[in-house]
Amino acid sequence: MILSKSLYIRGLQCHKSLWLYKNKQELRDTPNNQTESSFNTGYDVGKLAKELFPDGVEIEFDSNNFNGMIEKTKELISNGTEVIYEATFKEDGIFAMADILVKNGNAWDIYEVKASTHVKEYHINDTLIQWYALSKAINLNRAYVVHINNKYVRNGELNIKELFGIDDITDIVLEKQDDIKPQLLEIEEMLKGDIPDIDIGKHCSDPHGCDFISHCWQHIPKKNSVFDISYATGKQWKLYYQGILSIDDIPSNFHLGKNATLQIKHHKSQEIKIDKPKIKEFLDTIEYPINFFDFETFQNAIPRFDNQRPYAQMPFQYSLHILHEDGTLEHKEFLGDENSDPRRPLSEQMLRDITPTGSIIAFNQSFEITQIKNLAQVCSDISDELLALNERFIDLAHPFQYKHYYHPKFNGKYSIKIVLPTLFPNDDELDYKKLGSIQNGGDAMDTFANLYLLKDKSQLAEIKKDLLAYCRLDTLAMVRIWEQLQQLIKEGSNDK
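According to the working numbering, the stretch in the sequence shown is residues 642 to 1137, in order.
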């Protein structure tokens, strides 16, 4: 049996997942954009972390010649190389590649590089198996996890030593070494047999999402399962372990919270809840001209600009629909240049575009308010004007969040991506799926974060067009939702 570090970690999380990986690759789910983005971030961080220990020699990865990588590592060690990147070993059934291996006297220090901002439990497990394998071939001294320091603020050239934090985890790695051999023997025996009989559970997503979810969860209803109950994670599993899979089968005496109870009640009755007095009370707080506003942001693990922290939300785009009292609707927008810091030009244009009076409407306003606070810190000379905008925000999510309007198709949620298609089920103009390459905020975030790397000008123009169309739909959606709420309070008597 040969296991890589990642397969060992997979086996620790779930034996069934490892068995399927080894025997039924065709059942794996296709990686999504977020998975690929995380992988790319990890690669970039790992590459930069090598600068902490310069002048090392890297073992080039060759999936067709692992033995060659191992032999090259042995050669470098015997020749007195003091820093090795991706040092490769195969010992006692474990294939291990150390991110950074540094000579320390007569022994070696292991540095595992992670793109996260602190050491997590599974990082320790990663290093555990590295130590287990490497200690059988060389003398080891200390084990460290290198991670991003999220308190670092870039100012001028990137300061590699300040960008990274280094935590010594040697003691816990040594303490747990005796656990590994029994785990490996158990995994080896498991892999010799048939597929393990392991039910789904919280381990399906903790600490990592599994790529066999579609297979293992195929007995769960695609719609209206107990896992669709909002704000009730613990209760979801309690119901499942009682053999209850569908919301329709939940007993009336099963205790759930207020929101989950309302969700189930309206699912079973298929009735829409409309509290018109509450909706009217909310709408009466909105003043013309109405500014329907939405930001898009991106994140970098490695800050590109001055006054940027790792993983800080960076507004790069906004859409603004302005509805005047005479019914005139105008649209304004901003999309930053991918090669420069967008925050200053965005802030200045935003102050020009948003009307000096009237309400500013966002859906889940806390996000926009937080971004404006952050912009005010960066643009201190116009901070008063920026912060004044926050006094005018009204949250369009309010009537949905507080269940003044509730539809069974909301499934207990109230995001704009849920509310919009429910209120306008057959409107192509408001259908995110009809958009181009950008159909959600995650797409926008990941795409813009890497846009500066794109050299094809025609492709660049097409992506920017898609970014503008996506953000425009976010604010147009708010306009239409506001109009729908206005229409509701004009119709008939109160329904609850």
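Note that CB positions come from ideal geometry on N, CA and C, so glycine has one too.
**OP:** Give the DSSP-derived three-state secondary structure of Q877 in the structure shown.
**Re:** For Q877, the three-state secondary structure derived from DSSP is helix.
Original post:
Grouping DSSP H, G and I as helix and E and B as strand, with all else coil, what is F680?
Top reply: In this structure, F680 counts as helix in the three-state DSSP scheme.
**OP:** Using a threshold of 7 Å, state whether the C-beta atoms of E979 and Y1093 are closer than that.
**Re:** Cβ distance < 7 Å, so E979 and Y1093 count as in contact.
Original post:
According to the Cβ coordinates, are Y959 and F975 closer than 7 Å?
Top reply: Cβ atoms of Y959 and F975: closer than 7 Å.
Original post:
DSSP state of K761, grouped into three classes?
Top reply: DSSP, read as helix, strand or coil, puts K761 in coil.
Subject >> Three-state class that DSSP yields for P1049 in the structure shown >> reply: In the three-state scheme derived from DSSP, where H, G and I count as helix and E and B as strand, P1049 is classed as helix.
**OP:** With DSSP collapsed to three states, give me the class of Q958.
**Re:** Of the three classes helix, strand and coil, the one that applies to Q958 here is strand, per DSSP.
Subject >> Closest residue to I616 among Y1073, P930, Y952, N1067 (Cα-Cα distance) >> reply: The structure shown does not extend to residue 616, since the chain spans only 642 to 1137, so no value can be given for it.
Original post:
Since I870 and A901 are thought to touch, with beta carbons under 8 Å apart, how far apart are those beta carbons, to the nearest angstrom?
Top reply: Yes, I870 and A901 are in contact; Cβ-Cβ is about 5 Å, under 8 Å.
Original post:
Of the choices E1026, L1028, N1031, Y1055, whose alpha-carbon is the least far from that of H1039?
Top reply: Residue Y1055 holds the alpha-carbon nearest to the alpha-carbon of H1039 among E1026, L1028, N1031, Y1055.
Subject >> Alpha-carbon spacing of Q1012 relative to G1083, whole angstroms >> reply: Near 17 Å, if we compare the C-alpha coordinates of G1083 and Q1012.
Original post:
Any idea what DSSP makes of D840, helix, strand or coil?
Top reply: Of the three classes helix, strand and coil, the one that applies to D840 here is coil, per DSSP.
Original post:
Do you know how far the Cα of K917 is from the Cα of S1134?
Top reply: Low per-residue confidence applies at S1134: pLDDT is 48, beneath 50, and the placement is therefore not dependable, though the value from the model is reported in the following sentence. Rounded to whole angstroms, the gap between the alpha carbons of S1134 and K917 is 8 Å.
Subject >> Touching by the beta-carbon criterion (3+ pairs, under 8 Å), the stretch 724-733 and the stretch 682-700 >> reply: Under the 8 Å Cβ criterion, the stretch 724-733 counts as touching the stretch 682-700, having at least three qualifying pairs.
Original post:
Is F730 helix, strand or coil by DSSP?
Top reply: Strand, per DSSP.
Original post:
Can the beta-carbon of F1051 be found closer than 7 Å to that of Q1006?
Top reply: Result no, Cβ atoms of F1051 and Q1006 do not sit closer than 7 Å.
Subject >> Integer-rounded CB distance, given that I718 should sit under 8 Å from I770 >> reply: Approximately 20 Å separates the beta-carbon atoms of I770 and I718; this is outside 8 Å, ruling out the contact.
Original post:
Is it right to say K646 is buried, meaning 16 or more other beta carbons lie within 10 angstroms of its own, or is it exposed?
Top reply: Buried, by the Cβ-count rule.
Subject >> Coil, strand or helix - A1139 by DSSP >> reply: Outside the displayed span of the chain (642 to 1137) sits residue 1139, for which this structure offers no information.
**OP:** Could you please give the first and the last residue of the uninterrupted alpha helix (DSSP H) stretch that includes F923?
**Re:** Taken as a continuous stretch (DSSP letters only), the alpha helix (DSSP H) holding F923 covers 917-924.
**OP:** Write down every uninterrupted run of the beta strand (DSSP E) in the stretch 766-808 whose length is 3 residues or greater and which is fully enclosed by it, in chain order.
**Re:** Qualifying beta strand (DSSP E) stretches, in chain order: 781-789.
Original post:
Can we say the stretch 791-803 touches the stretch 738-748, given the rule of at least three CB pairs closer than 8 Å?
Top reply: The count of Cβ pairs closer than 8 Å, one atom from the stretch 791-803 and one from the stretch 738-748, stays below three, leaving the stretches out of contact.
**OP:** May I ask you to verify whether the stretch 656-674 touches the stretch 773-788, counting CB pairs closer than 8 Å and requiring at least 3?
**Re:** Counting Cβ pairs under 8 Å, fewer than three are found: no touch.
Original post:
Can you tell me whether N766 is buried or exposed, with buried defined as 16 or more other CB within 10 angstroms of its CB?
Top reply: Result: buried.
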